[in-house]
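Data block below; observations after.
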Amino acid sequence: MIQQKSHLSNMDVWKQWKEEGLIPAKQSLIETYLPLVDYVSNRLSIGLPKNVAKEDLASFGIMGLIDAIEKFDYQRGLQFETYASWRIRGAIIDGLRQGDWVPRSIREKSKKIEEAYQKLEQQYLRSVTDTEISAYLQVSESEFQQMVQEIAITTVCSIDDPIREEDSETRLSLLIDEKAKNPEYKVNEFYLKETLAKAIERLTEKERTVVSLFYFEELSLSEIAEVMALSPSRISQLHSKAILRLRGSLSRHKSQLFEES
0 MIQQKSHLSN MDVWKQWKEE GLIPAKQSLI ETYLPLVDYV SNRLSIGLPK NVAKEDLASF
60 GIMGLIDAIE KFDYQRGLQF ETYASWRIRG AIIDGLRQGD WVPRSIREKS KKIEEAYQKL
120 EQQYLRSVTD TEISAYLQVS ESEFQQMVQE IAITTVCSID DPIREEDSET RLSLLIDEKA
180 KNPEYKVNEF YLKETLAKAI ERLTEKERTV VSLFYFEELS LSEIAEVMAL SPSRISQLHS
240 KAILRLRGSL SRHKSQLFEE S
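For the sequence shown, the positions run 0 to 260 when numbering that gives the first Met the number 0 is used.
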């Protein structure tokens, strides 16, 4: 992870920007946290089509950083780097989506596989195999693996995506002050964590390893490939299948998670 000063050490600068509206202070904050844009864009560039320029990712990311600096409440005691990273990530992915970087056919394949995991794992109450998924989709296992490889670039989700398709509440809205949680939030948070934990338990051992190394240890897919002695394309497949399983599990529990809030 990037070595940076905590926002607490920049308290005076934050105060100058937020309370006095000094533009030089805002520019100073942008310069201080600009390496976050490079860090996030470099991670997201892994597995993207070659026609997606890193300069475009950085451009989208800078807009996300500026948005984060404008909206961040420095007095709430939260870590700016974490908040900004999600904002930058969301801005990059939203920018790519607006450019129609993923063909509709690929998105449709992704949705079909996600729905297959959702239905079969609800039916069998366990992690289903590639053979079972292939049979459900009426394709060969080699065709299924090819589908997974094709949709690898769609398995990165934006923090600004709606939690539910029918409303505007986003994952970002869940990043609130720990000291300000209301009872409804605590209930939803409990069920969300419980559901996600159960979903992770149903991943295969290799899928869990990839998820852990990528999201918690923050290794790149190529670094994970070296650790697990597998090809980068195989790691990409494992990552994609893990995300599709998790999406299916979370979709299955939407009513439990949200309807009673």
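Ideal Cβ positions, reconstructed from N, Cα and C, are used throughout, including at glycine.
Look at the alpha carbon of HIS238 and the alpha carbon of SER219, and state the distance between them as a whole number of angstroms.
Looking at the two C-alpha atoms, the distance is approximately 11 angstroms.
Could you check which residue in ILE234, ILE150, GLU113 and LEU212 has the C-alpha nearest to that of ILE132?
GLU113
Is it true that the region 9-27 meets the region 66-78, where meeting means three or more beta-carbon pairs spaced less than 8 angstroms apart?
yes
Given THR130, which residues of its chain have a CB within under 7 angstroms of its CB, disregarding the five upstream and five downstream residues?
Taken in chain order, the residues that qualify are GLU140.
Checking 7 angstroms against the spacing of the C-beta atoms, do ILE91 and LEU35 come in under that value?
Not in contact: ILE91 and LEU35 (Cβ atoms no closer than 7 angstroms).
With three or more C-beta pairs closer than 8 angstroms as the rule, is the region 197-217 touching the region 227-243?
With the rule of 3 Cβ pairs closer than 8 angstroms, the region 227-243 counts as touching the region 197-217.
What does the alpha-carbon distance come out to for the pair PHE213 and VAL147?
18 angstroms
Along the alpha helix (DSSP H) that carries VAL226, what are the first and last residues, could you check?
Per DSSP, VAL226 belongs to the alpha helix (DSSP H) from 220-227.
Rounded to whole angstroms, what's the CA-CA distance from GLN144 to THR81? Just pull it up for me.
34 angstroms
For the alpha helix (DSSP H) containing GLY94, list its first residue and its last residue.
79-97
Please list, in chain order, all residues of the same chain as SER248 whose beta carbon is under 6 angstroms from its beta carbon, the five residues on each side excluded.
ALA198
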